[in-house]
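Under our numbering, read the sequence shown as residues 10 to 1163, first letter to last.
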Amino acid sequence: MAAGNVNPFNLSDSEDEADQRAEDGVHIEKSPNVGTQGPSSNNPFSPQADAEPPALLVSSTRTSPSVEGISVSVAAAAMTVALAETRVSVDVIAAQLIRDHYILTALEFHTELLESGRELPRLRDYFSNPGNFERQTGTPPACKEQGLGPGGPLNRAGSISTLDSLDFARYSDDGNRESDERVAESDTQERNKNYSSHPETQEPIRPLEKRALNFLVNEYLLKNEYKLSAITFSDENDDQDFELWDDVGLNIPKPPDLLQIYRNCGSALPSPRNTVDVAVGVESGELTGNYITQKSDLLQQQQTEVVEELEYQISLLNEEKQSLADHIKKLQSEIQSLRRTVSPPPPDQGSQPTPPSSSTPPQPPLDNGQYLDIRGASEPDKPPTESTPPTQTISNPTHTSSQSHAKLKSRGTVVFDQPNRKLSPAFQQALLSFCKMSADSRLGAEVSRIADNEESVMLMLGRCLPHIVPNVLLAKREELIPLILCTACLHPEPKERDQLLHILFNLIKRPDDEQRQMILTGCVAFARHVGPTRVEAELLPQCWEQINHKYPERRLLVAEACGALAPYLPKEIRSSLVLSMLQQMLAEDKADMVREAVVKSLAIIMGYIDDPDKYSQGFELMLLSLGDPSERVVSAIHQVFIPAFAAWTTELGNLQTTLIPSLLARIEKLLKQGEHGLDEHKLHMFLSALQSLIPPLFSVVIQNAPFTHRVNLQGDIPPIEVTRFPRPASPLQDIATIVGSRETLSALLILYDYQLEHEGTTGWDSLLWVVNQLLPQLIDIVGRINVASTTCVHEFSRFFWRLCRTFGKIFTNTKVKPQFQEILRLSEENVDALTGNGILTKATVPIYATGVLTCYNQDEDRKLLVGFLEDVMTTLSLSHAPLDSLKASFVELGANPVYHELLLTVLWYGVVHTSALVRCTAARMFELLVKGVNETLVAQRVVPALITLSSDPEISVRISTIPAFGTIMETVTQKELLERVKMQLASFLEDPQYQDQHSLHMEIIRTFGRVGPNAEPRFRDEFVLPHLHKLALGNNVQATESKRIDIATQLFEAYSALSCCFISEELMVNHFLPGLRCLRTDMEQLSPEHEVILSSMIKEGEIKVENRGIGQAEGSVSIAASLVGEDAKTKFLSKMGQLTTSGAMLANVFQRKK
């Protein structure tokens, strides 16, 4: 049967229709393939239903096979003669219509009979019984195929069937065949027979059936929101991938879901292989006695007529069969004779006869008609389809032989040695049949024929690959990528190409990096071969289908594919569909690695886009990516996207006019909105983007300079110094890559430095924009950020450092430093004047010191930095200005050990300064520097300087050294050094000259509270706690109320900090608890709220002393954090909130209540 003649809506018996057309004398000119059933005997659908509607239907149980290779006109003529005298009754027609489920036709036939007054009891009884129209769902398939009795289920009539109601998967292996080719025909029939005779028994489920049902059950659970059940079910079947139907292992398309199968289980199409004639009607037991009596004679008479009619037709068909078998034998002998005649003898053995199979493979044995070729007489040249497996044929031998010979001749004649024997052809074929070869299955059909040209190879691969892929190990499937891509490129059928590309993108469940690279390499090769139109039509849909896939590796493949395919897509698609896909994934995907790949693919799109209207969209994508919470995404935006986007904006002329000003405007807006709290994350985001734009900006400056026409790449060009530019974050930020080559960049740099040093900037618009617009705006922004924010200071320092290093030393010295110096105005006449030096307290100082003055590390540069810091320290000290800007400079520079010696030089300048104010400032700066300096420098440079200051004539200078000494006790581990510091602190506490120094006692208590928890335990136990006890005891007799309040406040904070430390029982009894009791005495008069807290702390300490065992186990538990009533906690916290606000409020807390 030709593949194009298959009509899935017809369920009739085509041979009976042909018989009835012949009986009615209707003469129809037929082609040789009409009216015969070739391979379609295995197809559940009849081929002739729509071709010619039956003129008359006759019941038949004929089971004889179809006849191949003969003229159908002979058979039609024989049938016409044999059936000419037969007349069929209307009751037989009605029975045939009901049996074949032509229900609508039967109903119309019934209506016409009623109108003509010839009501037929069979039709009347059938349509009056509602049971005939109720769908039964539990019928086993085997019962449906073999047919049921009169009370059986009613299948949907062919005239109202639809494609979605046909269960193709039940009859198909590849979408067309009826059954799985791996199951033998005899096994299938045996199972059907057993099942129909024992409907209650079922054979054990097979593994593939189980996997298919598992897939459908999991799909049903997910669709109906049984997610927990689906998860459990998936865990119990961890050997199966429920995402891919191909993982099941069946070579069939995915069947409908369970709901569709349930709804259509009563309308499954019966197989025409095993059919049984069944009369349809009501059971006799369902009718009344009178009715049975009246109708029994009529029914018996009708049944007798039907039996006689069928027996007569059987006899006619048997005669026809015998006649056709004789005719086949005759034709076979003629074929053998023709083959002997037309086959040329071998060149070297002209006397030997040519074998009958010189141009075709060995033929299976031919007998009396029981084993016939399954292709039609006119089909030997037609390429076989999935539903018609190719087999050896004897039909039309002359044409087949000549065609095969012509194909072989183009590749060279193949000649085989022939035996000098006289075996008959039939005997020879029968002998060769014992060579076990299989051509009746899909695989056997593919093996039995060899492709003779490239197109045939592609067709064969297209058919075989979908069956090969599911059976290859997942770890080795990438080996199939070249085969799949080659076939997808060259296959002539779009549907097959789409299927192959679908297989490619679903080849591996969770592809790793190497496997994704192989797939992407193949996609690029495919795109280069087929061109942009097919890439858009065939590859992009595969990406779109998996944009929301369950596994991030598959979504990652989509993101990477969009970038890899960008150069090979039409520009309209590249700037619209692909850009939208990536934008959606960037905004919605939760996997960091997917968004990172999206950013890189967007960068490639930016490198190929040429639509200026997409600039704003690209800018928004940049801002969206910069705000991503993942560091790897932000890193990708700086390394790939921003350089690509900057290159495009440079071509558009928007880098200096639009892109950089837009970022600066956002920074200024952020500073205005953040007067009460700056969003440092957004500031970092915008500033980092500006920093990534420095290399493109410098490229614009040197490529649009007045000297570009003088660039000469001939001759020796000196290499660029390794340290000339900052290390680029990626190759795309390398200026040599941006301008084209290192030779070009070197030549431009030589002319650039010469131009700046000797010829000036006249007419150099791009550089003048940097000098006159960018730098002033940046310096103004720097003066408005919070100097206490170490993050902001660091970010701007790194920005200016990169800017100055990129634009060079000459530019820094002549263009950048003068602008900062003009604003800072560090001159002798302004030292004592407060007016005009407010800028020295801003972030401009640390950013200039750490971002500009540290760009170059030569002696003159270091001297300039030292001089600037000394001048700032002197100016701020003499002006009594806040030291925040100087502290920020020391913190930023102190983070780099390279500058420790330089900072110590600056501080020594302050130690020996004539002004006590400057010496106090130097003493306080040591506290910041000690934490980062190694212990050798602390011992050799820091401690001697502090001891020098501790003996200063000015008491304020001596007090200023206490925080630095405390920091040394907190960070240094050398015992000798600690003893020296301990002796110096002891001298402050025990020397009589300091007994009345209230400020000194305040500073010591504050330092003890800060460093006590982190200091060495021995120092804390032997020095800190005993001296706090003495200070608390002395404060009880303090006559001045203000001093008593200050000391009590600092003691309370120090004891609260030390309460979290482990304190031995001896120290608890001798120093800690007595000190708390002294402090409580002060608090009873000054602040009863704090007295409650102290009482709780004392009570807990006493309990720990009494319960030594428990005290050892819980010694590290905070005393102030337990055994405190909720009311007391609330009051304490509210008061502590007031303590941290201001000095005035602090004094009010401890005012004596009157």
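Glycine included, each C-beta is placed from N, C-alpha and C at the ideal position.
Here the structure is a predicted model, which means the values were calculated and not measured.
Between the CA atoms of K485 and P262 - distance to the nearest angstrom: Position 253 of the sequence shown, counted from the first residue, corresponds to residue 262. Position 476 of the sequence shown, counted from the first residue, corresponds to residue 485. Cα-Cα distance, rounded: 23 Å.
Spatial distance of T982 from S1051 (CA atoms): Numbered from its first residue, the sequence shown carries residue 982 at position 973. Numbered from its first residue, the sequence shown carries residue 1051 at position 1042. Going from the Cα of T982 to the Cα of S1051 covers about 38 Å.
Under a Cβ-count criterion, where at least 16 other Cβ atoms within 10 Å of its own Cβ denotes burial, should K609 be classed as buried or exposed? Within the sequence shown, the letter at position 600 stands for residue 609. That one is buried.
Between the CA atoms of P475 and N424 - distance to the nearest angstrom: Against the sequence shown, residue 424 aligns to sequence position 415. Against the sequence shown, residue 475 aligns to sequence position 466. Correcting the residue identity first, residue 424 is Val in this sequence and not Asn. One C-alpha to the other measures close to 36 Å.
The ligand HEM heavy atoms versus the CB of F707: any closer than 7 Å? Absence of the ligand HEM is noted for the structure shown, with no ligands found whatsoever.
Among I1054, C1087, E1062, D1030, which one has its Cα closest to the Cα of S1073? Locating residue 1073 in the sequence shown gives position 1064, counting from the first residue. Selected option, being the one with the closest Cα: D1030.
Should A536 and L574 be called a contact, given that it needs their Cβ atoms to be closer than 8 Å? For the purposes of this step, residue 536 is taken as residue 527 along the sequence shown, with counting starting at 1. For the purposes of this step, residue 574 is taken as residue 565 along the sequence shown, with counting starting at 1. The answer is yes: Cβ separation under 8 Å.
My assumption, with CB atoms under 8 Å, is that D620 sits in contact with S589. Please give the rounded CB distance. Taking the first residue of the sequence shown as 1, we reach residue 620 at position 611. Taking the first residue of the sequence shown as 1, we reach residue 589 at position 580. Rounded, the Cβ-Cβ distance is 13 Å, inconsistent with contact.
R220 (DSSP reduced to helix, strand or coil): As a first step, residue 220 is located in the sequence shown; it is residue number 211 there, counting from the start. Looking at R220 - three-state DSSP - the assignment turns out to be helix.
Just to confirm before moving on: does the CB-CB distance between A606 and A568 stay below 8 Å? The residue labelled residue 606 in the question sits at position 597 within the sequence shown. The residue labelled residue 568 in the question sits at position 559 within the sequence shown. Their beta carbons are under 8 Å apart, which means A606 touches A568 by this criterion.
Taking I832 as the reference, give the member of W773, I819, T853, R814 with the closest Cα. Within the sequence shown, numbered from 1, the residue matching residue 832 stands at position 823. Comparing Cα positions, the closest option is T853.
Tell me whether the segment 735-755 and the segment 713-726 touch, counting them as touching only if at least three CB pairs, one residue from each stretch, are closer than 8 Å. yes
Closest to E463 by C-alpha separation, out of P501, I977, R127, H647, would be which residue? Translated into the one-based positions of the sequence shown, residue 463 becomes position 454. Checking every option, the nearest Cα to that of E463 belongs to P501.
Can you list, in chain order, the residues of its chain whose CB lies under 6 Å from that of P74, leaving out five sequence neighbours each side? Translated into the one-based positions of the sequence shown, residue 74 becomes position 65. For P74, the predicted structure reports a pLDDT of 38, less than 50, and the residue's modelled location is therefore unreliable. The matter cannot be settled from this model.
Does the pairing of the segment 927-939 with the segment 951-958 give three or more beta-carbon distances under 8 Å? yes
Cα-Cα separation, S969 to A954: Taking the sequence shown and counting its residues from 1, the one referred to as residue 969 is at position 960. Taking the sequence shown and counting its residues from 1, the one referred to as residue 954 is at position 945. Whole-angstrom Cα-Cα distance: 12 Å.
Using the beta-carbon count (16 or more within 10 Å), is F695 buried or exposed? If you number the sequence shown from 1, residue 695 lands on position 686. Flag for F695 reads buried.
Three or more C-beta pairs under 8 Å: does that hold for the segment 331-342 against the segment 114-130? no
As assigned by DSSP and simplified to three states, the class of K1020: Against the sequence shown, residue 1020 aligns to sequence position 1011. In the sequence on display, residue 1020 carries Val and not Lys. If DSSP states are grouped into helix, strand and coil, V1020 belongs with the helices.
Can you tell me whether G860 is buried or exposed, with buried defined as 16 or more other CB within 10 angstroms of its CB? For the purposes of this step, residue 860 is identified with residue 851 of the sequence shown, where counting begins at 1. The residue is buried, with at least 16 neighbouring Cβ atoms inside 10 Å.
What residue does the alpha helix (DSSP H) around A932 start on, and which one ends it? Working through the sequence shown from its first residue, we reach residue 932 at position 923. Element bounds for A932: 925-939.
Going by DSSP in three states, F1028 sits in which element: helix, strand or coil? Position 1019 of the sequence shown, counted from the start, is the residue given in the question as residue 1028. Residue state, collapsed to three classes: helix.
Around the C-beta of G258, are 16 or more other C-beta atoms found within 10 angstroms, so that it is buried, or is it exposed? Here the question's residue 258 lines up with position 249 in the sequence shown. By the 10 Å Cβ count, G258 comes out exposed.
Taking all protein chains shown into account, do 16 or more other C-beta atoms lie within 10 angstroms of the C-beta of Q57, making it buried, or fewer, making it exposed? Here residue 57 is taken as the residue at index 48 of the sequence shown, counted from 1. Residue confidence for Q57 is low, a pLDDT of 40 falling below 50, so the modelled location carries little weight; the figure read from the coordinates is stated next. Under this definition Q57 is a buried residue.
Measure from the alpha carbon of D622 to the alpha carbon of each residue in S886, W657, C864, S965, then state which is nearest. Translated into positions along the sequence shown, residue 622 becomes position 613. Comparing Cα-Cα distances from D622 to each of S886, W657, C864, S965, the minimum goes to W657.
Applying the 10 Å Cβ sphere with the 16-neighbour rule, what's the burial state of D100? If you number the sequence shown from 1, residue 100 lands on position 91. It is buried - the Cβ of D100 has at least 16 other Cβ atoms within 10 Å.
Pick helix, strand or coil for N515, following the three-state DSSP scheme. Residue mapping note: residue 515 aligns to position 506 of the sequence shown, counting from 1. N515 falls in the coil class under three-state DSSP.
If you run the structure through DSSP and keep just helix, strand and coil, what is D244? On the sequence shown, residue 244 is found 235 positions in, with the first residue counted as 1. Of the three classes helix, strand and coil, the one that applies to D244 here is helix, per DSSP.
Just tell me which of H1038, Q269, E963 has its CA closest to the CA of L998. Residue mapping note: residue 998 aligns to position 989 of the sequence shown, counting from 1. If we check each option's Cα against that of L998, H1038 comes out closest.
Counted within 10 angstroms of its Cβ, other Cβ atoms place L268 as buried (16 or more) or exposed: Sequence index remark: in the sequence shown, residue 268 carries index 259 (1-based). The residue is exposed, with fewer than 16 neighbouring Cβ atoms inside 10 Å.
Around the Cβ of K559, are there at least 16 other Cβ atoms within 10 angstroms (buried) or fewer (exposed)? In the sequence shown, the residue the question calls residue 559 occupies position 550. Exposed, by the Cβ-count rule.
Specify the secondary structure class of G78 as computed by DSSP and reduced to three states. Working through the sequence shown from its first residue, we reach residue 78 at position 69. Caution is warranted here: a pLDDT of 38 is assigned to G78, below 50, making its placement in the model unreliable, and the coordinate value is therefore given only provisionally. Correct three-state label for G78: coil.
Sequence-distant residues of the same chain with beta carbon closer than 8 Å to L687, five excluded per side: If you number the sequence shown from 1, residue 687 lands on position 678. Closer than 8 Å at the Cβ level, and outside the excluded window around L687, lie L679, L680, I794, N795, S798, C801.
Check for me: the alpha helix (DSSP H) holding T666 runs from which residue to which? Within the sequence shown, residue 666 is the residue found at index 657, counting from 1. Run containing T666: none; DSSP gives neither H nor E here.
Kindly indicate the opening and closing residues of the alpha helix (DSSP H) around F805. What you label residue 805 is simply residue 796 of the sequence shown in a count that begins at 1. From DSSP, the alpha helix (DSSP H) with F805 extends over 799-816.
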